[in-house]
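Peer 1: Got a structure for you, written out below as structure tokens; questions coming shortly.
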Amino acid sequence: MTAVQEERTTDDLRALAERAGRELEDATALEILQWAAKTFGSRFCVTSSMEDAVVAHLASRALPGVDVVFLDTGYHFPETIGTRDAVEAVMDVNVITLTPRQSVAEQDAEYGPRLHDRDPDLCCALRKVKPLEEGLKGYLAWATGLRRDESETRANTPVVGWDEKRGKVKISPIAKWSQEDVQTYVTEHGVLTNPLLMDGYASVGCAPCTRRVLEGEDARAGRWAGRSKTECGLHG
Ligand code: SF4
Numbered sequence: 018m019t020a021v022q023e024e025r026t027t028d029d030l031r032a033l034a035e036r037a038g039r040e041l042e043d044a045t046a047l048e049i050l051q052w053a054a055k056t057f058g059s060r061f062c063v064t065s066s067m068e069d070a071v072v073a074h075l076a077s078r079a080l081p082g083v084d085v086v087f088l089d090t091g092y093h094f095p096e097t098i099g100t101r102d103a104v105e106a107v108m109d110v111n112v113i114t115l116t117p118r119q120s121v122a123e124q125d126a127e128y129g130p131r132l133h134d135r136d137p138d139l140c141c142a143l144r145k146v147k148p149l150e151e152g153l154k155g156y157l158a159w160a161t162g163l164r165r166d167e168s169e170t171r172a173n174t175p176v177v178g179w180d181e182k183r184g185k186v187k188i189s190p191i192a193k194w195s196q197e198d199v200q201t202y203v204t205e206h207g208v209l210t211n212p213l214l215m216d217g218y219a220s221v222g223c224a225p226c227t228r229r230v231l232e233g234e235d236a237r238a239g240r241w242a243g244r245s246k247t248e249c250g251l252h253g
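All residue numbers for the sequence shown refer to the working numbering, where the first residue is 18 and numbers rise by one.
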């Protein structure tokens, strides 16, 4: 398959995504990313929360120098920013940091402090969803680290699918992986991980909305704990 041309229509891209989702279901994560690199070239990026650098590492093997997009919400743990800096320093990737239109102080002035406690959906929309929408504009396809075993809401994640909201191909190369698979890859390749994963956190998001998980809880139970919210809107 040759690199997708600029003039490809949305319908072409949707059909391409749906076909690839079927054809690549049994492919390895690296093969899926090699397909993405060959098909989209520089118009493909990886998004990373800097929980670990597994997908960024895989993507850099498929496309050295690949763009790795990180959303700096202004609410991250220092360990997450440190992981971002380490990834930028040691891996063959191009880290792009996206920031919201307003700083936390500006948002507090307009909406009042601790919007994340009062209206987390609005806070996520302002600090995650909108900046990502802007940041992805130049790309035809983006890759995520979503896994089917993380939660019920992610159980049907296709390895390649169509992101209707953004009109882009969405690739989840490790959708079929377990936490053990991730750990094995990290160990075998010496991949950078967020130090908080060694400190009781199973999923790392913004500091005000993330807590350690308890024995027997699923990986995302520590995100927006005590609320019905389970996703930030990036994958809805
Ligand atoms: S995770 Fe929490 S702090 Fe981060 S953008 Fe969403 S509501 Fe705001």
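Even glycine gets a Cβ: it sits at the ideal position worked out from N, Cα and C.
All values reported here derive from a predicted model rather than from experimental measurement.
Could you give the first and the last residue of the continuous alpha helix (DSSP H) run that contains residue 57?
Peer 2: As a working note, residue 57 is residue 40 in the sequence shown. 46-57 is the span of the alpha helix (DSSP H), which, as asked, contains residue 57.
Peer 1: Go to residue 185, then tell me how far its beta strand (DSSP E) extends in each direction, as first and last residue.
Peer 2: In the sequence shown, the residue the question calls residue 185 occupies position 168. That run of the beta strand (DSSP E) goes 185-188.
Peer 1: Taking all protein chains shown into account, decide if residue 197 is buried (16 or more other Cβ within 10 angstroms of its Cβ) or exposed.
Peer 2: The residue given as residue 197 occupies position 180 in the sequence shown. Residue 197 is exposed by the Cβ-count criterion.
Peer 1: Give every residue whose Cβ lies closer than 6 angstroms to any heavy atom of the ligand SF4, listed in chain order.
Peer 2: Checking every Cβ against the heavy atoms of the ligand SF4 under 6 angstroms gives 90, 92, 133, 137, 140, 141, 144, 145, 222, 223, 225, 226, 249.
Peer 1: Rank 177, 140, 229, 238 by C-alpha distance to the C-alpha of residue 43 and give the top, closest one.
Peer 2: Residue 43 sits at position 26 when you count from the first residue of the sequence shown. Looking at the Cα atoms, 177 is the closest of the given residues.
Peer 1: Excluding the 5 residues preceding and the 5 following residue 189 in the sequence, name in chain order all residues of the same chain whose CB lies nearer than 8 angstroms to its CB.
Peer 2: In the sequence shown, counting from the first residue as 1, residue 189 sits at position 172. Counting only Cβ-Cβ distances below 8 angstroms, and skipping sequence neighbours, we find 160, 161, 162, 163, 164, 174, 175, 176, 177, 178.
Peer 1: Where does residue 66 land, buried or exposed, given buried means 16+ other C-beta within 10 angstroms?
Peer 2: In the sequence shown, the residue the question calls residue 66 occupies position 49. When all chains shown are included, residue 66 counts as buried.
Peer 1: Alpha carbon to alpha carbon, how far is residue 48 from residue 90? Give it in angstroms, no decimals.
Peer 2: By 1-based counting over the sequence shown, the position of residue 90 is 73. By 1-based counting over the sequence shown, the position of residue 48 is 31. Near 32 angstroms, if we compare the C-alpha coordinates of residue 48 and residue 90.
Peer 1: Please name the residue or residues paired with residue 194 in a DSSP beta bridge.
Peer 2: The count along the sequence shown starts at 1 and reaches residue 194 at position 177. Paired residues: none, contrary to the question.
Peer 1: Report the CB separation of residue 104 from residue 85 in whole angstroms; it is logged as a contact under 8 angstroms.
Peer 2: Position 87 of the sequence shown, counting from 1, holds the residue named residue 104. Position 68 of the sequence shown, counting from 1, holds the residue named residue 85. Rounded, the Cβ-Cβ distance is 7 angstroms, consistent with contact.
Peer 1: Kindly indicate which residue of 154, 221, 247 has the alpha-carbon position closest to the one of residue 97.
Peer 2: For the purposes of this step, residue 97 is taken as residue 80 along the sequence shown, with counting starting at 1. Nearest option by C-alpha distance: 221.
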